[in-house]
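J.: Got a structure for you, written out below as structure tokens; questions coming shortly.
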């Protein structure tokens, strides 16, 4: 199975700050990498798919990049409503595997 | 609009089974996979597997083989997951989500399963 490692596990940042979350795969996943946002008590929500494609309705302050084994989610200007846990997911091969998540809070 | 509506919370005794449902609407049920995901309270997400209602094909993550069984009723656009031989480690939220060669773009609201004697 492909192992997905997210860093950091916890991040505290100020409103308006640029924030970068990382996800590393144990092998090449050919850009089949998605990012999901989960707010407390809610189901996860798709933000970005296939590394850098913004899902419908997602604000443009979210962006993704990466290739091979290393991927990044960037929030260009952190907003209070972005408080959540963010998970990456590889869809390159079965079984699908999630990262352990980054919990993002406002400083 | 696409919706996945899951059944209500379950309280079950160890050693028994529960059957969770996920009713789809707003799209062609047989054209997408239904994935199932487990999340223990305060923990991360575990992918359990999928069913493809188009042909009934299934795939189970190794950890969940023998634990989960997927079925689908195309007449009612509903997917099911049977969880058997329940233990306290099966206490968790379970989500269904639409996918298949595409990201998990729509999710059910989740259902809490509590296993306790």
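Chains as they are written, first to last, in the working numbering: chain A, 1 to 107; chain B, 1001 to 1117. We treat Cβ as the ideally placed atom computed from N, Cα and C, and that holds for glycine. Bear in mind the structure is a predicted one, so any value in this text is a computation, not a measurement.
For the pair the stretch 44-58 of chain A and the stretch 1092-1105 of chain B, tell me if three or more CB-CB distances fall below 8 Å.
T.: Yes: at least three Cβ pairs fall under 8 Å.
J.: I'd like to know if residue 86/A contacts chain B, where contact means its C-beta is closer than 8 Å to some C-beta of that chain.
T.: Position 86 of the first chain holds residue 86/A. It does not; no Cβ of chain B falls within 8 Å.
J.: Just how far apart, CA to CA, sit residue 1055/B and residue 90/A?
T.: Against the second chain, residue 1055/B aligns to sequence position 55. Against the first chain, residue 90/A aligns to sequence position 90. Distance between the alpha carbons of residue 1055/B and residue 90/A: 24 Å.
J.: For residue 1094/B and chain A, any beta-carbon pair shorter than 8 Å?
T.: Taking the first residue of the second chain as position 1, residue 1094/B is located at position 94. No, its Cβ sits nowhere closer than 8 Å to a Cβ of chain A.
J.: Under 8 Å between beta-carbons, which chain A residues line up against residue 1088/B? List them in chain order, please.
T.: The residue labelled residue 1088/B in the question sits at position 88 within the second chain. Those do not exist, as residue 1088/B stays about 22 Å from chain A at its closest Cβ, beyond 8 Å.
J.: So the candidates are 1065/B, 1117/B, 1009/B and 1077/B; which of them puts its Cα closest to the Cα of residue 1019/B?
T.: As a working note, residue 1019/B is residue 19 in the second chain. Checking every option, the nearest Cα to that of residue 1019/B belongs to 1009/B.
J.: Between residue 1113/B and residue 1094/B, is the Cβ-Cβ spacing less than 8 Å?
T.: Taking the second chain and counting its residues from 1, the one referred to as residue 1113/B is at position 113. Taking the second chain and counting its residues from 1, the one referred to as residue 1094/B is at position 94. The answer is yes: Cβ separation under 8 Å.
J.: Give a yes or no on whether the minimum CB-CB distance between residue 64/A and chain B is below 8 Å.
T.: Position 64 of the first chain holds residue 64/A. So no, residue 64/A is outside the interface.
J.: Between which two residues does the beta strand (DSSP E) harbouring residue 1090/B extend?
T.: Reading the second chain from its first residue, position 90 is the one you call residue 1090/B. Under the DSSP assignment, residue 1090/B falls outside any beta strand (DSSP E); it carries neither an H nor an E label.
J.: What residue range does the beta strand (DSSP E) around residue 22/A cover?
T.: Your numbering for residue 22/A matches position 22 in the first chain. Counting along the chain, the beta strand (DSSP E) containing residue 22/A begins and ends at 19-25.
J.: How long is the line joining the alpha carbons of residue 20/A and residue 73/A, rounded to whole angstroms?
T.: Locating residue 20/A in the first chain gives position 20, where the first residue counts as 1. Locating residue 73/A in the first chain gives position 73, where the first residue counts as 1. Approximately 6 Å, taken between the alpha carbons.
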